[in-house]
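Notes follow once the structure below has been shown.
Written as C-alpha cells, this is what we have:
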C-alpha cells in the first residue's frame with residue numbers, strides 16, 4: 001500500500017515534469033478521441049437516417065392486365081415471398097389500387113368514377129428485408145421482373161447506393177483519421193514521457209542504486225503516460241458530450257423535420273468508456289516505449 | 294555484511310578500441326561491522342572498486358562476494374535485493390533537484406515500501422545526524438557543496454544499511470565538516486554496519502581511525518598510501 005502510494009505520488013510528479021510537452025500529449029489524445037468519437041456519432045446518425053429511409057422503402061411490381069398471363073394472388077404472393085431479400089409482401093387488387101388512386105387525387109379523383117373500366121393494374125408491394133444493400137435491391141428488382149405476371153417494377157432506390165458510399169466513407173475516413181491521430185497521440189505522449197524520463201534521470205539512478213524494484217522505478221513514468229492518455233481522452237470525451245448535448249436540441253429537431261431521423265444519438269457511457277480505454281492504451285504504449293532506461 | 298574481493302581485474306574498453314586497466318588482481322576482505330578506508334590518489338581504482346561492490350560494474354576477472362554471494366553473477370532482481378542492504382554515497386552526489394532535502398531522503402525509503410510517516414521521521418533523524426536539520430525544506434540547488442555531500446550521506450544511512458559504501462564523502466568539505474562526517478561514519482559503524490570509505494583525503498583517513506588499505510595503480514595493499 002505504501003509502495004502504491006509512492007508510485008501514484010511519483011507519477012503525478014512526473015506528469016508535472018513533462019510541462020508543455022505533457023500538455024501537448026493530452027491535447028493530441030483529446031483531438032484523436034474527438035475525431036474518433038465524432039466519426040462514430042456521425043456514423044450512428046447516418047445509420048439511423050438510412051434505417052428510417054429503408055423502413056419506408058417499397059418495391060412495387062405492377063401486374064399485367066392480360067388475363068391469360070395473370071396469376072392467382074395467393075400463388076403470386078407465395079412466389080414473391082420466396083425471392084431473396086424479401087421482408088414482407090402485400091397484394092393490392094385493381095379495385096384497391098383504384099381506391100388508393102382516388103384517395104391520392106382527392107376531389108380531382110371524382111372523374112375516375114366515370115371510366116367504363118378500371119385502368120389501374122393490380123400490384124404487389126414488397127418491403128425489402130432489413131439491411132438489404134443496393135446490390136441486393138437490384139437483385140430483388142430483377143427477380144421480380146422475371147416473374148411472368150409482372151409487367152413492370154418501380155422503386156425509389158436511387159439514394160441507396162450513394163448513401164452506402166457515404167457511410168463507407170465516413171467509417172473508413174473516420175477510422176483512418178482517428179488511427180493517424182492515435183499514432184500522433186502515442187508519439188506525443190512518448191515525447192512528453194521522454195522529457196519526464198530525462199528530468200528524473202537522477203531520481204531513477206538513486207532508486208536503482210538503492211535496490212528499488214525496477215517496476216517501482218519505471219512504474220510512475222508509465223503511469224504518468226497512462227494519465228496523459230486518460231486525461232486527453234477525458235477532455236475529448238467531455239468536448240464530445242458537450243457538442244452532442246448542445247447540438248441535440250436544434251440538431252435533433254432539424255434532422256427530424258428534414259430527414260426523418262427520430263432522435264440524435266448522444267454520446268453514451270459505453271462509447272465514453274471505450275474512448276477512455278483507448279486513451280489509456282495510447283498512454284501505456286507511449287509510456288512503455290519512451291520509459292525504457 | 295562481509296565483503297570479499299579475490300584476484301579482481303577490471304578492464305575498460307574505450308570507444309576507439311584502447312583499453313584501460315582500472316584494477317589488477319585486487320583482493321581484500323572486510324569483516325562484518327568493520328570500517329575500512331581505501332586510500333589512494335585520484336585514478337588509482339578506488340571508485341571502480343566501489344562500483345564493483347555495488348554491482349554497477351562487473352569484474353573482467355576474479356570474484357566479488359558479499360556474504361559469500363558472487364555479486365558478478367547475480368541477476369537483476371537478486372542484485373536489487375542485495376542493494377537494499379547497502380547504502381551508497383557515490384563520488385558525484387546525485388540529488389533530485391525538484392525535491393527538498395527531506396524529500397531526497399524520504400524518496401528511497403518510500404520507494405522501498407516504508408509508510409510515509411515513518412519515512413519522514415527516519416529521514417528527519419538522518420538529516421539531524423548529518424547536521425542538516427535546519428535544511429530539511431531546502432532544495433539541493435539552495436545548499437552548499439558540502440551540505441549536498443552530507444545530504445547524500447544522510448540518504449545513504451537513512452535505510453539503516455548493513456553495508457555503507459562511501460566514495461570521497463568529504464570532497465569539498467572543510468576540516469570541521471570532515472570531522473563531523475568521520476564521526477557520522479564511525480557512528481554508523483558502531484551500529485553494526487560494515488563501512489567502506491574510498492578517499493584521497495588523509496584528514497578523513499586519520500579521523501576515521503580505521504584499517505587503511507592502499508589502492509594504487511589498480512592494486513590493493515594493506516597499510517596507508519605510500520607505506521607499502
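Chains as they are written, first to last, in the numbering used here: chain A, 1 to 293; chain B, 294 to 521. The beta-carbon is built from N, C-alpha and C at its ideal position, and this holds for glycine as well. Computed from a predicted model, the values in this text were never measured in an experiment.
Across the region 376-398 of chain B, CB contacts with chain A closer than 9 Å involve 376, 377, 378, 379, 380, 381, 383, 387, 388, 389, 390, 391, 392, 397, in sequence order along the chain. Annotation: residue 490 of chain B is outside any alpha helix (DSSP H); the continuous beta strand (DSSP E) that includes it extends over 487-492. Its chain contains 325, 359, 360, 378, 455, 456, 487 as the residues whose beta carbon lies nearer than 7 Å to that of residue 294 of chain B, once the 5 sequence neighbours on both sides are disregarded; these appear in chain order.
DSSP places residue 339 of chain B within a helical segment (H, G or I) once states are collapsed to three. Looking at A/222, A/175, A/234, the one whose alpha-carbon comes closest to that of residue 284 of chain A is A/222.
Taking a beta-carbon distance threshold of 7 Å, residue 443 of chain B does not count as an interface residue toward chain A. Look at the beta carbons and you see the region 85-99 of chain A not touching the region 174-191 of chain A: under three pairs across the two are nearer than 8 Å. At the C-beta level, residue 160 of chain A and residue 137 of chain A come within 7 Å of one another.
With a threshold of 7 Å between beta carbons, residue 401 of chain B makes contact with chain A.
Residue state for residue 332 of chain B is assigned as strand, using DSSP reduced to three classes. For the pair residue 164 of chain A and residue 134 of chain A, the CB atoms are nearer than the 7 Å cut-off.
Using a Cβ-Cβ cut-off of 7 Å, residue 365 of chain B does not count as an interface residue toward chain A, since no Cβ of chain A sits closer than that to its own. The region 396-403 of chain B makes no contact with the region 466-478 of chain B, as fewer than three CB pairs between them are under 8 Å. A distance below 7 Å separates the beta carbons of residue 290 of chain A and residue 190 of chain A. Following the DSSP letters along the chain, one finds residue 382 of chain B in no alpha helix (DSSP H) but inside the beta strand (DSSP E) bounded by residues 379-382.
Residues of the region 193-207 of chain A with a C-beta less than 7 Å from any C-beta of chain B: 202, 203, 205, 206, 207, listed in chain order. The beta-carbon separation of residue 412 of chain B and residue 402 of chain B, rounded to 4 Å, stays under the 8 Å limit for a contact. Taking the Cα of residue 510 of chain B as reference, the smallest distance to any Cα among B/310, B/319, B/458, B/439 is reached at B/319.
For residue 426 of chain B, the closest Cβ of chain A is not nearer than 7 Å. Comparing alpha carbon positions, the residue from B/384, B/443, B/351 closest to residue 368 of chain B is B/351. In the three-state scheme derived from DSSP, where H, G and I count as helix and E and B as strand, residue 141 of chain A is classed as helix. Pairing residue 22 of chain A with residue 10 of chain A, the inter-Cα distance amounts to about 15 Å. Contact annotation: residue 337 of chain B and residue 498 of chain B have beta-carbon atoms that are not nearer than 7 Å. In this structure, residue 282 of chain A sits near residue 185 of chain A, with a CB-CB distance shorter than 7 Å. Collapsing the DSSP output to three states places residue 467 of chain B in coil. Within the same chain, Cβ atoms closer than 6 Å to the Cβ of residue 145 of chain A are found at 153, the five residues on either side in sequence being excluded. Between residue 381 of chain B and residue 427 of chain B, the alpha-carbon positions lie close to 23 Å from each other. Remark: fewer than three beta-carbon pairs, one from each stretch, lie closer than 8 Å, so the region 300-313 of chain B and the region 387-395 of chain B are not flagged as touching. Boundaries cannot be given for residue 115 of chain A, as no beta strand (DSSP E) includes it and DSSP labels it neither H nor E. Residue nearest to residue 494 of chain B within the set B/512, B/515, B/459, B/514 is B/459 (criterion: CA-CA distance). Residue contact with chain B for residue 2 of chain A: present (Cβ-Cβ distance below 7 Å to some residue of chain B). Looking only at A/120, A/84, A/201, the smallest Cα-Cα distance to residue 14 of chain A is reached by A/201.
Taken atom to atom, the span from the alpha-carbon of residue 349 of chain B to that of residue 341 of chain B is near 9 Å. Per DSSP, the unbroken beta strand (DSSP E) holding residue 319 of chain B starts and ends at 312-323. For residue 169 of chain A, the enclosing alpha helix (DSSP H) begins and ends at 160-199.
Across the set A/97, A/121, A/132, the C-alpha of A/132 shows the shortest separation from the C-alpha of residue 87 of chain A.
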